[in-house]
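Chains A and B are the protein sequences, given in the same order. To convert a position in the first sequence, counted from 1, into the numbering used here, add 46. To convert a position in the second sequence, counted from 1, into the numbering used here, add 3. Encoded as structure tokens, the structure appears first; notes follow it.
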Amino acid sequence: DTEVTQTPKHLVMGMTNKKSLKCEQHMGHRAMYWYKQKAKKPPELMFVYSYEKLSINESVPSRFSPECPNSSLLNLHLHALQPEDSALYLCASSQAASGRYEQYFGPGTRLTVT
Amino acid sequence: QQQVKQSPQSLIVQKGGISIINCAYENTAFDYFPWYQQFPGKGPALLIAIRPDVSEKKEGRFTISFNKSAKQFSLHIMDSQPGDSATYFCAASSKDNFNKFYFGSGTKLNVKP
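If you want it as structure tokens, here you go:
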């Protein structure tokens, strides 16, 4: 089973709202990722958690706040977003070990900021 | 600077034909090269991947060809089907930074029936 689940599938929020995206995997992976993908572009890495610790932050604005409550769950808290933040937000997971590089993506959350 | 360059940007192939997508890289430290398939509104799905110790890897109708000296790799889709119509991304990563994938810009494939 290589399934990563994400909720919600779609989210519309105003610029003053606070919302959260959720991601879950049960493959025993110890690395989890948040990516942002704009239309017709490749996924763009935002954050990486390895063994529940933040290991990569690609200089993402503070209005995006990641959280890894345990090895199976990953959240992305959103606050005071801008319309240009509208995108597909993808979660992925992988083994946190050199030599085991495969990343498995979830279906994404389509976020629209109004 | 783009670490992985992908071409073509779009590709139209007749049903039953061969689809070929190419990627080139500069960083010789890269040692893992996956291909992802993405349908509209869905997340990318890992299709096939290769390490530089082999020159070719085949899984069903999908084949990766790898040329280490030229720093190029390509995806071949044999007997292309309309259901293969999707966007394909190549990527690369290295053992020193294996969590970070460098993606190509993507190729939108349209297989005509």
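Glycine is no exception: its CB is placed at the ideal position from the N, C-alpha and C atoms.
Under DSSP, C93 of chain B forms a beta bridge with B:W38. Our two residues, E62 of chain B and Y39 of chain B, have alpha carbons roughly 14 Å apart in a direct line.
M78 of chain A: member of the beta strand (DSSP E) spanning 77-83, first to last residue. Contact between Y150 of chain A and Y35 of chain B does not hold, since their C-beta atoms are separated by about 14 Å, which reaches or exceeds 8 Å.
Of all residues in the segment 33-45 of chain B, only Y35, P37, Y39, G44, K45 come within less than 8 Å of chain A when Cβ atoms are compared, listed by chain position. From the beta-carbon of Q71 of chain A, no residue of chain B is found nearer than 9 Å; the closest lies around 12 Å away.
By the rule that beta-carbons nearer than 8 Å mark a contact, K103 of chain B touches chain A. Contact annotation, A94 of chain B with G107 of chain B: C-beta distance approximately 7 Å; criterion of less than 8 Å satisfied. Between Y91 of chain B and I24 of chain B, the beta carbon gap of about 6 Å places them in contact (Cβ cut-off 8 Å). Note that the C-beta distance between Y135 of chain A and T155 of chain A is below 8 Å. Contact annotation: the segment 70-77 of chain B touches the segment 8-28 of chain B, with at least three C-beta pairs closer than 8 Å.
Within 7 Å of the CB of E49 of chain A, no CB atom of chain B is found; the nearest one sits about 11 Å away. Here DSSP, grouped into helix, strand and coil, assigns N102 of chain B to coil. Counted as a single uninterrupted DSSP element, the beta strand (DSSP E) harbouring I53 of chain B occupies residues 48-53. Of all residues in the segment 130-154 of chain A, only L134, L136, C137, A138, S140, A142, A143, S144, G145, R146, Y147, E148, Q149, Y150, F151, G152, P153, G154 place a beta-carbon less than 9 Å from a beta-carbon of chain B. The alpha-carbon of Y97 of chain A is positioned some 9 Å away from that of H75 of chain A.
The beta-carbon separation of F110 of chain A and L124 of chain A, rounded to 6 Å, stays under the 8 Å limit for a contact. Counting only the Cα atoms, G19 of chain B lies some 38 Å from M78 of chain A. The beta carbons of L57 of chain A and K64 of chain A sit no closer together than 8 Å.
From the beta-carbon of S118 of chain A, no residue of chain B is found nearer than 8 Å; the closest lies around 18 Å away.
Secondary structure at E70 of chain A: strand, using DSSP grouped into helix, strand and coil.
Taken residue by residue, none of the segment 53-74 of chain B has a beta-carbon sitting less than 7 Å from a beta-carbon on chain A.
Counting only the Cα atoms, V106 of chain A lies some 9 Å from L91 of chain A. For the segment 97-131 of chain A, the continuous beta strand (DSSP E) assignments of 3+ residues that do not extend past its boundaries occur at 99-103, 110-116, 119-125, in sequence order.
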